[in-house]
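Residue numbers (the numbering used here), protein chains in the order written: chain A, 1 to 225; chain B, 1001 to 1225.
The C-beta atom is built at its ideal place from N, Cα and C for all residues, glycine as well.
Below is one structure, written out as structure tokens, with a few remarks after it.
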DNA sequence: AGTATTAAGATTGTAAGACAATCTGTCAAT
DNA sequence: ATTGACAGATTGTCTTACAATCTTAATACT
């Protein structure tokens, strides 16, 4: 056996498609925090039956993207700044740990691969392509997580990122933020290359903390209007 | 306004009851890892309709207590030791952080309350009441989490504990483990009382690490038969 | 005998229809 | 302005249904 790669071909059930579509709709801002999701409307929009929609909604509820209040139905979750802060705190902790472990395990090839990803991010920054910025940031981080060999960490961070997704997008489009973000990520990579796990952890924590501050700016702005 | 206590009266929907019952059944070992859950059977056992069961199963899937493979139905999740290790690693990280913050914030009354909880645990240990041991341990920890003021940490740890629940139960019944556990928890509390956050973190991390080692013993035993 | 094939039965995925319980908003009455 | 009552909308739950897929067992073939 080569590796433990999961070869299972997952049939795309309708529900998975519904979940994907709805998640995308939430991320894209089509539904705004607090919006009420009416089951019948979703059925029409998606062209599927109510049971399918309801099951998909249960999954999204567990992801905390929506919350379902009995007899009141599903709403897009409202993220308070307090909650966002807590999420950033946990992110810092987990990403710091991941970076520290990655620093101990990274091979030459890993470093090289991450350099490529970072370069892609740099290009996106110069093109001012926010979507691509987020995507390449994510890929860069995914590499760190894979390196740290702890899928639980990866899983948890993925969940946390989903919950603050719109903050990430809006804060990344803040003038200057993306460029600074690039420098912070480069610092992480440099520390990993030097196999300096303490420095890698610090750099990762610092990056998240700066992201939090940037997010606060966008949060304030979004509250004002 | 006194506090931010949530006054909402949550109607007990059937699905919540189903989720509760099934979770309990899984924890109690009525369903074993790998067991296939047949929807029709669950309907009979619970006396509810298939749509209700299916929605509940989606929630449990998101909690990772079961996994649903398309066209193959739901199974009780199988926990590999590798995964369990990763969970203990993340737990150590999160509980360490929580303990450190708690050390900075604990008031006299908090300490007193935790002493009471710890004493209850000690009593359970002497009575060799495993269920009560787990319960009072949980309560002790819940207090720390409440102190650290980060509900995300609490939420994540709760999720992680659910996934390793049966390991906790079986390892807690290992001869001598509960008594050692008591000492480790006392060390955490002592550090918190001294407001020594570094010591509190270390004690919490140590406690989780010891729990991991104990869990490994039970895991090996459960694999052998 | 052992393996490949096929067919029957069981189970899941999805839909549609139904109805009681509950919520929401409106309008009248105090 | 607040309360009360009512109509309409929405959710929670159940029932029935059926095609798609999986599982298992029986069958045929080498």
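When the Cα of residue i is compared with those of the options, which residue comes out closest?
i, options, result
"residue 1201 of chain B", "B:1094, B:1039, B:1173 and B:1178", "B:1094"
"residue 1108 of chain B", "B:1216, B:1207, B:1135 and B:1194", "B:1194"
"residue 1088 of chain B", "B:1187, B:1196, B:1177 and B:1162", "B:1162"
"residue 1115 of chain B", "B:1136, B:1074, B:1224 and B:1024", "B:1136"
"residue 220 of chain A", "A:160, A:102, A:82 and A:183", "A:82"
"residue 189 of chain A", "A:103, A:164 and A:64", "A:103"
"residue 209 of chain A", "A:191, A:224, A:184 and A:196", "A:184"
"residue 112 of chain A", "A:39, A:144, A:72 and A:24", "A:144"
"residue 1159 of chain B", "A:36, A:29 and A:63", "A:63"
"residue 207 of chain A", "A:186, A:218 and A:28", "A:186"
"residue 1130 of chain B", "B:1224, B:1028 and B:1191", "B:1028"
Where residue i and residue j are concerned, what is the direct C-alpha to C-alpha distance, given to the nearest angstrom?
i, j, result
"residue 1167 of chain B", "residue 1034 of chain B", "15 Å"
"residue 1134 of chain B", "residue 1128 of chain B", "11 Å"
"residue 199 of chain A", "residue 100 of chain A", "8 Å"
"residue 8 of chain A", "residue 1012 of chain B", "Only weak support is given to the placement of residue 8 of chain A: the predicted model assigns it a pLDDT of 46, under 50, and the value that follows is read from those uncertain coordinates. If you take the alpha carbons of residue 8 of chain A and residue 1012 of chain B, they lie about 38 Å apart."
"residue 1085 of chain B", "residue 151 of chain A", "11 Å"
"residue 98 of chain A", "residue 1079 of chain B", "22 Å"
"residue 1203 of chain B", "residue 1119 of chain B", "18 Å"
"residue 248 of chain A", "residue 91 of chain A", "Nothing can be reported for residue 248 of chain A: it is not among the residues displayed for chain A, which extend from 1 to 225."
"residue 215 of chain A", "residue 174 of chain A", "9 Å"
"residue 139 of chain A", "residue 154 of chain A", "12 Å"
"residue 110 of chain A", "residue 1176 of chain B", "45 Å"
"residue 181 of chain A", "residue 1041 of chain B", "53 Å"
"residue 1044 of chain B", "residue 117 of chain A", "53 Å"
"residue 122 of chain A", "residue 1021 of chain B", "51 Å"
"residue 26 of chain A", "residue 32 of chain A", "7 Å"
"residue 179 of chain A", "residue 1036 of chain B", "51 Å"
"residue 141 of chain A", "residue 71 of chain A", "40 Å"
"residue 149 of chain A", "residue 196 of chain A", "18 Å"
"residue 165 of chain A", "residue 1224 of chain B", "45 Å"
"residue 24 of chain A", "residue 17 of chain A", "10 Å"
"residue 1192 of chain B", "residue 124 of chain A", "47 Å"
"residue 132 of chain A", "residue 38 of chain A", "32 Å"
Any beta-carbon of chain B closer than 8 Å to the one on residue i?
i, result
"residue 231 of chain A", "This structure does not reach residue 231 of chain A, given that chain A is present from 1 up to 225, and the question cannot be answered."
"residue 39 of chain A", "no"
"residue 62 of chain A", "yes"
"residue 51 of chain A", "yes"
"residue 209 of chain A", "no"
"residue 33 of chain A", "no"
"residue 212 of chain A", "no"
"residue 70 of chain A", "yes"
"residue 23 of chain A", "no"
"residue 168 of chain A", "no"
"residue 17 of chain A", "no"
Using a Cβ-Cβ cut-off of 8 Å, state whether residue i counts as contacting chain A.
i, result
"residue 1058 of chain B", "yes"
"residue 1074 of chain B", "no"
"residue 1013 of chain B", "yes"
"residue 1201 of chain B", "no"
"residue 1054 of chain B", "yes"
Cβ atoms of residue j and residue i: under 8 Å apart, would you say?
i, j, result
"residue 1147 of chain B", "residue 1212 of chain B", "no"
"residue 1066 of chain B", "residue 1049 of chain B", "no"
"residue 1059 of chain B", "residue 1014 of chain B", "no"
"residue 1054 of chain B", "residue 55 of chain A", "yes"
"residue 96 of chain A", "residue 205 of chain A", "yes"
"residue 74 of chain A", "residue 61 of chain A", "yes"
"residue 57 of chain A", "residue 68 of chain A", "yes"
"residue 218 of chain A", "residue 171 of chain A", "yes"
"residue 156 of chain A", "residue 1030 of chain B", "no"
Near-chain B residues of the segment 140-161 of chain A (beta-carbon distance less than 7 Å), N- to C-terminal order = 150, 151, 152, 153 and 156
In the segment 77-105 of chain A, which residues sit with their C-beta less than 8 Å from some C-beta in chain B, listed in chain order?
-> 83, 86, 87, 89, 90, 93, 94 and 97
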